[in-house]
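Numbering (the working numbering), first residue to last: 213 to 394.
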């Protein structure tokens, strides 16, 4: 009988490290899609506050330690790194943990790398720390969050992990080649 072996979404693909930027896989964390039932917005907010979080404004995230709640669309958020305690009965919950590849792109060249692939303004003034966007990463859908001045969390469908790493690595190498030319 065949045995299934659990592997990370980016197993054998990461890290990719160049002088100005590093792409690495984030450790496994539960990812739960949360959508409040009609009229239950306050109850969802209360449950999230008990977790040290809160319901994020559109385009934003709320973080507490390793846990985060990311806006992912109208009346929808991803709860990452925390169990959805207190949310049963007040929100539709879907475990999406195995469906996403989570990566961190960091370093002084992170914005320049993403500028080659993402159709939004990622300068700190326009996309500050904690900002979240559902956008394209070249030809695939992603969820992007700015974690710091030079750091981004990138989430793509697990089935697109190889393509995402390839696209990001090509952009990273192009940036490094351009810098080498002076």
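Ideal Cβ placement from N, Cα and C applies to all residues, glycine included.
Computed from a predicted model, the values in this text were never measured in an experiment.
Buried or exposed by the 16-neighbour rule on C-beta atoms within 10 Å, applied to residue 323: Position 111 of the chain shown holds residue 323. So residue 323 ends up on the buried side.
As a quick exercise: from 299, 342, 274 and 383, pick the residue whose alpha carbon is nearest that of residue 328. Within the chain shown, numbered from 1, the residue matching residue 328 stands at position 116. Of the candidates 299, 342, 274 and 383, the one whose C-alpha sits nearest the C-alpha of residue 328 is 383.
Could you check where the beta strand (DSSP E) with residue 245 kicks off and where it finishes? To locate residue 245, count along the chain shown from 1; it is residue 33. Residues 243-248.
Under the DSSP definition of a beta bridge, which residues are partnered with residue 235? By one-based count along the chain shown, residue 235 stands at place 23. According to DSSP, which records beta bridges pairwise, residue 235 is partnered with 228 and 317.
Provide the residue span of the alpha helix (DSSP H) that contains residue 260, from first to last. Numbered from 1 along the chain shown, position 48 holds the residue referred to as residue 260. Per DSSP, residue 260 belongs to the alpha helix (DSSP H) from 253-262.
Determine the direct distance from the alpha carbon of residue 314 to that of residue 365, and round the result to whole angstroms. In the chain shown, counting from the first residue as 1, residue 365 sits at position 153. In the chain shown, counting from the first residue as 1, residue 314 sits at position 102. Cα to Cα, the separation comes out at about 7 angstroms.
Count the other CB atoms within 10 Å of the CB of residue 270; is the residue buried (16 or more) or exposed (fewer)? Translated into positions along the chain shown, residue 270 becomes position 58. Exposed: under 16 other Cβ atoms inside 10 Å.
Min CB distance residue 344 to chain C below 9 angstroms: Looking at the structure shown, chain C is missing, and only one protein chain is on hand.
Going by DSSP, which residues form a beta bridge with residue 282? For the purposes of this step, residue 282 is taken as the residue at position 70 of the chain shown. Bridge partners of residue 282: 273 and 290.
Work out the CA separation of residue 302 and residue 253 for me, nearest whole Å. If you number the chain shown from 1, residue 253 lands on position 41. If you number the chain shown from 1, residue 302 lands on position 90. Those two C-alpha atoms are separated by around 8 angstroms.
For the region 283-291 against the region 340-352, do three or more pairs of beta-carbon atoms, one drawn from each stretch, fall closer than 8 angstroms, so that the two count as touching? yes
Taking the alpha helix (DSSP H) that residue 374 falls in, what are its first and last residues? Counted from its first residue, the chain shown places residue 374 at position 162. Residue 374 -> alpha helix (DSSP H) spans 373-392.
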